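Protein chains in written order, with my numbering: chain U, 2 to 200; chain B, 1442 to 1778.
By construction, the Cβ of each residue, glycine as well, lies at the ideal position given by its N, Cα and C atoms.
Just so we're clear, the structure is a prediction, and the values are computed from it rather than from any experiment.
This report refers to the structure that appears directly beneath it.
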Amino acid sequence: MSLKKVFALALHIGVHLAALLPLVWLFWAVPAGELGGDPVEELIHFLGLGALRLLLLSLLIAPLVKYLQIAALFKLRRPLGLWAYTWASLHFFAWLALDLVFEWGLIAEEIIKRSYILLGFSLWLILSALALTSLPRLMRAMKGKWQTLHWWIYPAAIMGCIHFWWSLKSGWFEPAVYLLITLVLIALRKKKLLGATAR
Amino acid sequence: MLIKAKKNLLESALTPESVYSERRTILKGLGLGSLLLAGPSQAGFFSKEAPVEVPAAAKRHALQYEKTSPASPLVLTPESKILTHNNFYEFGTGKTDPFKNSQGLELEPWTLSVEGEVAKPGKLDVWELINGAQKKGAQLEERIYRMRCVEAWSMVIPWIGIELGQILKQFEPTSKAKYLAFETLYDPEQMPGQQSRRIGGGIDYPYVEGLRMDEAMHPLTILSVGLYGKTLAPQNGAPIRLVVPWKYGFKGIKSIVKIRLVEKMPPTTWNMLAAKEYGFYANVNPAVDHPRWSQGSERVITEGGLFSAKRQKTLPFNGYADEVAGLYSNMNLKQWY
Chain U
2 MSLKKVFALA
12 LHIGVHLAAL
22 LPLVWLFWAV
32 PAGELGGDPV
42 EELIHFLGLG
52 ALRLLLLSLL
62 IAPLVKYLQI
72 AALFKLRRPL
82 GLWAYTWASL
92 HFFAWLALDL
102 VFEWGLIAEE
112 IIKRSYILLG
122 FSLWLILSAL
132 ALTSLPRLMR
142 AMKGKWQTLH
152 WWIYPAAIMG
162 CIHFWWSLKS
172 GWFEPAVYLL
182 ITLVLIALRK
192 KKLLGATAR
Chain B
1442 MLIKAKKNLL
1452 ESALTPESVY
1462 SERRTILKGL
1472 GLGSLLLAGP
1482 SQAGFFSKEA
1492 PVEVPAAAKR
1502 HALQYEKTSP
1512 ASPLVLTPES
1522 KILTHNNFYE
1532 FGTGKTDPFK
1542 NSQGLELEPW
1552 TLSVEGEVAK
1562 PGKLDVWELI
1572 NGAQKKGAQL
1582 EERIYRMRCV
1592 EAWSMVIPWI
1602 GIELGQILKQ
1612 FEPTSKAKYL
1622 AFETLYDPEQ
1632 MPGQQSRRIG
1642 GGIDYPYVEG
1652 LRMDEAMHPL
1662 TILSVGLYGK
1672 TLAPQNGAPI
1682 RLVVPWKYGF
1692 KGIKSIVKIR
1702 LVEKMPPTTW
1712 NMLAAKEYGF
1722 YANVNPAVDH
1732 PRWSQGSERV
1742 ITEGGLFSAK
1752 RQKTLPFNGY
1762 ADEVAGLYSN
1772 MNLKQWY
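Written out as C-alpha cells, the structure reads:
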C-alpha cells in the first residue's frame, strides 16, 4: 500500500472512531449515572450537539482541502455527513422514545406547536433526503441535480444552530458560537455558493 | 463533551425505594443516617433498573423529624435521581451541573433574614432550626409531595421541613404585608453561574421569587431543610429552600438568605427573563400550555432505567386542587398563569 493510501485509510478510521466511540461510551456512561440520575435530557442534548458538530466538521472539509491542498480529505465528507445524520436520527429517536414515550398525538402536537421542534424536524427531513441520496447509485442517477440538492447542507447547518438556540430556556452564548462558526464556514465557500445559486 | 470522572461517587448504595422506609426506621434506631452501604451496581444500558449509585452524602446528616404525611400512594423518586437531576443555574444550566459544581458550598453558618412589613424583623439561625432547638415547639416534619417542573417532568419527593406560616408568625407580619419576596444567596466566589453569564444561563442574580401572603400561609407551603431523612444536598437548595407543591418547580427558590414582606407584588427571576413564558403565579395548570412545552402531561422520573420512561396526565394544581383552588377562585388562571 502506498503512503497516500495508508494516510487516506487512517483518516477514514479516525472519522469512524470519532463518531462511534462517544456512542459506545454511552453504554457505559448511562448506567454508571454519568449523565445524571435521569439521563433523558442530557442524552438528547448530547446526541443533538454531536450531530451539529459532525455536520460542521463535514462543512470544514472543503476549506481544509483548499488551504492544505490535501485532496484525500474530500472523501471524508460522505462518512462525516452520514454520521451527522445518524446522530441526528438518534437525537430525534431519543426524544420520541424516551421523552414523549411514543405518544403520537402529543408528538404531532409538539412538532406543529413548538417552533424549535418544527425547525428540528424539518432539519431532520432535509438530512434524510441528503443521506438517502448518498447511495452511490442515486448519486450517479441524479447527475447535476445531486449537487443542487446537497447545497442544502448549508441552510441545514444554520437551522441546526437556530434549533439549538431556540431550545434553550435562557442564555445564548454556546449556540451563538456555533452559528458564528457556521457563518464563517459559509463565507469561506461564498464564491462557490454564489455561483451555484446564480445558475 | 467532557464529563468529569466519577470520583464524586464514593458510596454505592443499592436501596430500592420500596424498602426505604423500612430501612430508614432501622437506621433511625441505630442513628446511622448516612451509611446506606450495600453491594455494587449491576445496572446496564437496557436494564430496567436505574443507576443505583447514590452520590457522596458527606455534607448530609440524619434529621429528627415527625412523619406526618398520611400513608401516601405515591411512588417515591429514587434518592439518586433527586440528587443528580437538578435545575440550579447558579451552578450551571445542565441537569448534572448542580451536582458536579455545588459540593463545596459553605453551609455553616447560615442565617435567613426576615424583614420588611413585620413587627419583629430579625435573623433566623437556620442550623438552630434544623437541629430542632427551635422555640415554641416548632417541629420538622416529613411531607411527601409531587414536584412538577415547568419543563414537563415530575418527581415525588419526601421533603422534610416546616410550614412557612409557622415561621412567619414569629416575626409578626403587619397588615401591610401582602406579598413575600425571597432571595437566594449571592456569592459569585462559590457560585460559578453568578460569575459568568455564560455558565449562569444569562440570568440576573441573585435569583428572586415571590408568593402572595395567603399562599405563603397555606399549610401545604413549607420551607424544606431536608429530604430522604437527611439534610438537603447543596444541589437541592441546602440548607433551606421553599417548596410549594401546587406550583411549577422554579417557584421553589433554593438556598434562601432573605425573605422580605412587602405591599406590592415583587419581581421574580424567570418572569423578568421571559414574562410571556413564566408568570408570577406559575400554578401547575394542564390547560395552559407553556410556549415550549405542552403542560397537559408530564414525564415521571421514577424507579427504573432509561427505557422505563412513563408519562402521566398533569393534574390541575398538581393534584392539590382540593386544598388550594379556593385561593384563586376569583382569578382567570389563563391570564394569571
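#1: Name, please, each residue of chain B whose Cβ falls closer than 9 Å to the Cβ of U/Leu-107.
#2: Within the same chain, show all residues whose beta-carbon is closer than 8 Å to that of B/Leu-1553, passing over the 5 residues directly before and after it, in chain order.
#3: Do U/Gly-161 and U/Leu-124 have their C-beta atoms closer together than 8 Å?
#4: Tell me the residue span of the alpha helix (DSSP H) that contains U/Tyr-86.
#5: Under 9 Å between beta-carbons, which chain B residues line up against U/Arg-115? List them in chain order, please.
#6: Which term fits U/Ser-3, buried or exposed, when burial requires 16 or more other beta carbons within 10 angstroms of its beta carbon?
#7: Comparing C-alpha positions only, which one of B/Ile-1742, B/Lys-1751, B/Lys-1500 and B/Trp-1711 sits nearest to U/Lys-201?
#8: Could you check whether the Cβ of B/Ile-1697 sits closer than 8 Å to any Cβ belonging to chain U?
#9: On the criterion of 16 or more Cβ atoms from any shown chain inside 10 Å, does B/Leu-1476 qualify as buried, or is it exposed?
#10: For my contact list, B/Pro-1732 and B/Thr-1755 are in at a C-beta cut-off of 8 Å; report their separation, rounded to the angstrom.
#11: Is it a yes or a no for the segment 50-59 of chain U touching the segment 100-116 of chain U, going by three-plus beta-carbon pairs under 8 Å?
#12: By how many angstroms is the C-alpha of U/Thr-134 removed from the C-alpha of B/Arg-1638?
#13: Please state whether DSSP places B/Val-1685 in a helix, a strand or coil.
#14: Which residue from B/Leu-1747, B/Val-1729 and B/Gln-1753 puts its Cα closest to that of B/Arg-1740?
#15: Hey, how far is the Cα of U/Tyr-68 from the Cα of U/Glu-43?
#16: Secondary structure at U/Thr-149, three-state DSSP: helix, strand or coil?
#17: Spatial neighbours of B/Leu-1673 within its chain, please: C-beta separation below 8 Å, excluding the five flanking residues on both sides.
#18: Is the CB of B/Pro-1519 under 8 Å away from at least one CB in chain U?
#19: Excluding five sequence neighbours on each side, which residues of the same chain lie with their C-beta closer than 7 Å to the C-beta of B/Arg-1589?
#20: Nearest-angstrom Cα distance between B/Leu-1661 and B/Tyr-1669?
#21: Would you please verify whether the beta carbon of U/Phe-165 is less than 8 Å from any beta carbon of chain B?
#22: So U/Val-31 contacts chain B; which residues on that side make the cut at Cβ distance below 7 Å?
#23: Buried or exposed: which applies to U/Ala-28, given that a residue is buried once 16 or more other Cβ atoms fall within 10 Å of its Cβ?
#24: Report back the beta-carbon spacing between U/Leu-91 and U/Leu-48 to the nearest angstrom; my notes put them in contact at under 8 Å.
#25: Just the Cα atoms here: how many angstroms apart are U/Gly-145 and B/Ile-1694?
#26: With 9 Å as the limit, tell me which residues of the segment 1529-1544 of chain B have their beta carbon closer than that to any beta carbon of chain U; keep them in chain order.
#27: Measuring only the C-alpha atoms, how far is U/Phe-8 from U/Trp-84?
#28: Keeping to the same chain, check which residues put their C-beta closer than 8 Å to that of U/Ala-157; ignore five residues upstream and five downstream.
#29: For B/Pro-1481 and B/Thr-1537, what's the separation of their Cα atoms in angstroms?
#30: Would you call B/Arg-1587 buried or exposed, if buried means 16 or more other Cβ atoms sit within 10 Å of its Cβ?
#31: Would you mind reading off the limits of the alpha helix (DSSP H) that contains U/Ala-11?
#32: Got a sec, what are the start and stop residues for the alpha helix (DSSP H) U/Ala-109 sits in?
#33: Who are the neighbours of U/Pro-40 on chain B, taking C-beta pairs under 7 Å?
#34: From B/Tyr-1627, B/Leu-1626, B/Leu-1652 and B/Asp-1730, pick the residue whose C-alpha is nearest to that of B/Lys-1717; which is it?
#35: Is any beta-carbon of chain B found at less than 8 Å from that of U/Phe-203?
#36: Quick one: what's B/Asn-1724 bridged to in DSSP?
The short version:
#1: Indexing the first sequence from 1 puts residue 107 of chain U at position 106. Those are Ser-1735, Gly-1737, Ser-1738 and Arg-1752, listed as they occur along chain B.
#2: Against the second sequence, residue 1553 of chain B aligns to sequence position 112. Around B/Leu-1553: Lys-1564, Leu-1565, Val-1567, Ile-1681, Ile-1697, Val-1698, Lys-1699 and Ile-1700.
#3: The sequence position of residue 161 of chain U within the first sequence is 160, counting from 1. The sequence position of residue 124 of chain U within the first sequence is 123, counting from 1. Contact flag set, yes.
#4: Here the question's residue 86 of chain U lines up with position 85 in the first sequence. Unbroken alpha helix (DSSP H) run through U/Tyr-86: 78-95.
#5: Taking the first sequence and counting its residues from 1, the one referred to as residue 115 of chain U is at position 114. Per Cβ cutoff of 9 Å: Pro-1732, Arg-1733, Trp-1734 and Ser-1735.
#6: Translated into the one-based positions of the first sequence, residue 3 of chain U becomes position 2. With fewer than 16 Cβ atoms within 10 Å of its Cβ, U/Ser-3 is classed as exposed.
#7: Residue 201 of chain U lies beyond the stretch modelled for chain U, which goes from 2 to 200, so this question has no answer here.
#8: As a working mapping, residue 1697 of chain B is identified with position 256 in the second sequence. Chain U, which has no Cβ nearer than 8 Å to the Cβ of B/Ile-1697, makes this no.
#9: If you number the second sequence from 1, residue 1476 of chain B lands on position 35. Because B/Leu-1476 sits at a pLDDT of 30, beneath the cut-off of 50, its placement in the model cannot be relied upon, and the point is left open.
#10: The count along the second sequence starts at 1 and reaches residue 1732 of chain B at position 291. The count along the second sequence starts at 1 and reaches residue 1755 of chain B at position 314. Taking C-beta atoms under 8 Å as the contact rule, B/Pro-1732 and B/Thr-1755 fail to qualify, at a distance of about 16 Å.
#11: no
#12: Here residue 1638 of chain B is taken as the residue at index 197 of the second sequence, counted from 1. Here residue 134 of chain U is taken as the residue at index 133 of the first sequence, counted from 1. Cα to Cα, the separation comes out at about 43 Å.
#13: Locating residue 1685 of chain B in the second sequence gives position 244, counting from the first residue. DSSP places B/Val-1685 in coil when its eight states are reduced to three.
#14: Position 299 of the second sequence holds residue 1740 of chain B. Residue B/Gln-1753 is the option with its Cα nearest to B/Arg-1740.
#15: Stepping through the first sequence from its first residue, residue 68 of chain U is reached at position 67. Stepping through the first sequence from its first residue, residue 43 of chain U is reached at position 42. Each residue's alpha carbon lies about 37 Å from the other.
#16: Here residue 149 of chain U refers to the residue found at position 148 of the first sequence. Three-state result, U/Thr-149: helix.
#17: The residue given as residue 1673 of chain B occupies position 232 in the second sequence. The beta carbon of B/Leu-1673 sits closer than 8 Å to the beta carbons of Arg-1501, Ser-1665, Val-1666, Gly-1667, Ala-1679, Pro-1680, Ile-1681 and Arg-1682 from its chain, once the five residues preceding and following it are set aside; these are given in chain order.
#18: As a working note, residue 1519 of chain B is residue 78 in the second sequence. So, interface residue.
#19: Sequence index remark: in the second sequence, residue 1589 of chain B carries index 148 (1-based). Within the same chain, and ignoring the five residues on either side of B/Arg-1589 in sequence, the residues whose Cβ sits closer than 7 Å to its Cβ are Ser-1595, Tyr-1689, Gly-1690, Val-1725, Glu-1739, Thr-1755 and Asn-1759.
#20: Along the second sequence, read from residue 1 onward, the residue named residue 1661 of chain B stands at position 220. Along the second sequence, read from residue 1 onward, the residue named residue 1669 of chain B stands at position 228. Across the structure, B/Leu-1661 and B/Tyr-1669 are spaced so that their CA atoms are roughly 18 Å apart.
#21: Position 164 of the first sequence, counted from the first residue, corresponds to residue 165 of chain U. U/Phe-165 does not count as touching chain B.
#22: As a working note, residue 31 of chain U is residue 30 in the first sequence. Phe-1486 and Leu-1747, listed in chain order.
#23: Taking the first residue of the first sequence as position 1, residue 28 of chain U is located at position 27. In the sequence as presented, Ala is not what sits at residue 28 of chain U; that position holds Phe. Exposed, since its Cβ has fewer than 16 Cβ neighbours within 10 Å.
#24: Position 90 of the first sequence, counted from the start, is the residue given in the question as residue 91 of chain U. Position 47 of the first sequence, counted from the start, is the residue given in the question as residue 48 of chain U. Sure, about 5 Å apart at Cβ, within 8 Å.
#25: Mapped onto the first sequence, residue 145 of chain U falls at position 144. Mapped onto the second sequence, residue 1694 of chain B falls at position 253. Approximately 59 Å between the Cα atoms of the pair.
#26: Along the segment 1529-1544 of chain B, going in chain order, the ones with a CB nearer than 9 Å to a CB of chain U are Tyr-1530, Thr-1534, Gly-1535, Lys-1536, Thr-1537 and Phe-1540.
#27: The residue labelled residue 8 of chain U in the question sits at position 7 within the first sequence. The residue labelled residue 84 of chain U in the question sits at position 83 within the first sequence. Approximately 21 Å between the Cα atoms of the pair.
#28: Here the question's residue 157 of chain U lines up with position 156 in the first sequence. Around U/Ala-157: Leu-56, Leu-124, Ile-127, Leu-128 and Leu-131.
#29: In the second sequence, counting from the first residue as 1, residue 1481 of chain B sits at position 40. In the second sequence, counting from the first residue as 1, residue 1537 of chain B sits at position 96. With a pLDDT of only 39 at B/Pro-1481, under 50, the local geometry of the prediction cannot be trusted, and the value read off the model is given with reservation. One C-alpha to the other measures close to 22 Å.
#30: Counted from its first residue, the second sequence places residue 1587 of chain B at position 146. B/Arg-1587 is buried by the Cβ-count criterion.
#31: Start at 1 with the first residue of the first sequence, and residue 11 of chain U comes out as number 10. Looking at the DSSP string, the run of the alpha helix (DSSP H) that includes U/Ala-11 is 4-30.
#32: Reading the first sequence from its first residue, position 108 is the one you call residue 109 of chain U. That run of the alpha helix (DSSP H) goes 105-114.
#33: For the purposes of this step, residue 40 of chain U is identified with residue 39 of the first sequence, where counting begins at 1. Here the neighbours are Leu-1747.
#34: Here residue 1717 of chain B refers to the residue found at position 276 of the second sequence. The shortest C-alpha separation from B/Lys-1717 is found at B/Asp-1730.
#35: No statement about residue 203 of chain U is possible, as the shown extent of chain U runs from 2 to 200 and does not include it.
#36: As a working mapping, residue 1724 of chain B is identified with position 283 in the second sequence. Paired residue(s): B/Lys-1688.
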